[in-house]
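Step one of this worksheet: look at the structure below.
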Amino acid sequence: MGIPVDPAEQEAIEKENRYYGDTVQGNFTDTYQNLTYKAVMTFRWVSQHCKGVRIILKMDDDVVLDVHRFFEEFWFPPPYQQEVIFCHMWKFAEVERVGKWGISTREYPHEFYPPYCSGFFVVIMPAIVEDIYEAAKATPFLWLDDVYIYGVVREDMHDVQIINLDEVAFREEHYLACNRAYGYRCKYWVSVLGETRKFVPTLMTLRADRLRVLDICHAEKSKGIHSAWSSVGSCYKALSQDNQSQAKHGYV
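Residues in the sequence shown are numbered from 24 upward in steps of one, following the working numbering.
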């Protein structure tokens, strides 16, 4: 984070950090227009203090991640995908000149932005973190942080690509519709939370169903059943698909 405008808030941050010791704070005012400074600071801090990590996950506080599905279906990217950013990707986004995200032609003269990530959920491979930070230091500033880091800076690096995550629901209603149709085999394992928090009960139901299936998988694996399955994840997928097939035919 940056430095808040309200001194009382800064005192509260320092008090919390004395207790938990987990705050990273930069020397800039914490405002919406300064989000790019926060993003660049994050890449610098990670490159200096997170040596040896296998993956870096950037997620907003209004996003829900199904951790089970993430580790079973995504983790770990193959060796040839080490200079990659995974996210919900925007292509051919037109530059807005007025409004909340309005950018002047002086700030960015082009008509369209390069492909960039929606910053609410981004998976970044560690091999490129320091390179992104170094490239950002040489790239003209743009206050739209997602466009700047994952679009302008990334494009200047040439060898870093974006892979779109089809498992990311950009809207709450997409997640709800998918789960109504497919239950816990819905393809989405990431979703933005809407302001109404309508799908919190759905999340709790899905979590209970998934834990029930995982318990069955662990029990069968411990008994040596389905020994051909290489992992509990394989069992989970097989049982889930079987359950979905039964539901389709009205058996469950």
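The C-beta atom is built at its ideal place from N, Cα and C for all residues, glycine as well.
With a cutoff of 9 Å on beta-carbon distance, GLN48 and ILE26 are scored as near each other.
The Cβ-Cβ distance between LEU165 and THR59 falls below 9 Å. As a beta-bridge residue in DSSP terms, ALA192 pairs with SER214. Three or more Cβ pairs closer than 8 Å define a contact, and the segment 119–126 falls short of that threshold against the segment 156–163. For SER127, the three-state secondary structure derived from DSSP is coil.
TRP68 and PRO137 have their C-alpha atoms roughly 26 Å apart. A distance of 9 Å or more separates the beta carbons of LYS210 and VAL145. For TRP113, there is no enclosing alpha helix (DSSP H); the enclosing beta strand (DSSP E) has its first and last residue at 107–113. Contact annotation: GLU196 and LEU216 have beta-carbon atoms that are not nearer than 9 Å. In this structure, DSSP gives GLY44 a state outside helix and strand, which the three-state scheme calls coil. Secondary structure of LYS81 (DSSP, three-state): strand.
Between ILE185 and TYR139, the C-beta spacing is below 9 Å.
Relative to GLY142, the option among GLU130, ASP85, CYS240 and GLU95 whose CA is nearest is ASP85. Going by beta carbons, THR225 and LEU199 fall inside the 9 Å limit. VAL191 and CYS201 have their C-alpha atoms some 12 Å from each other.
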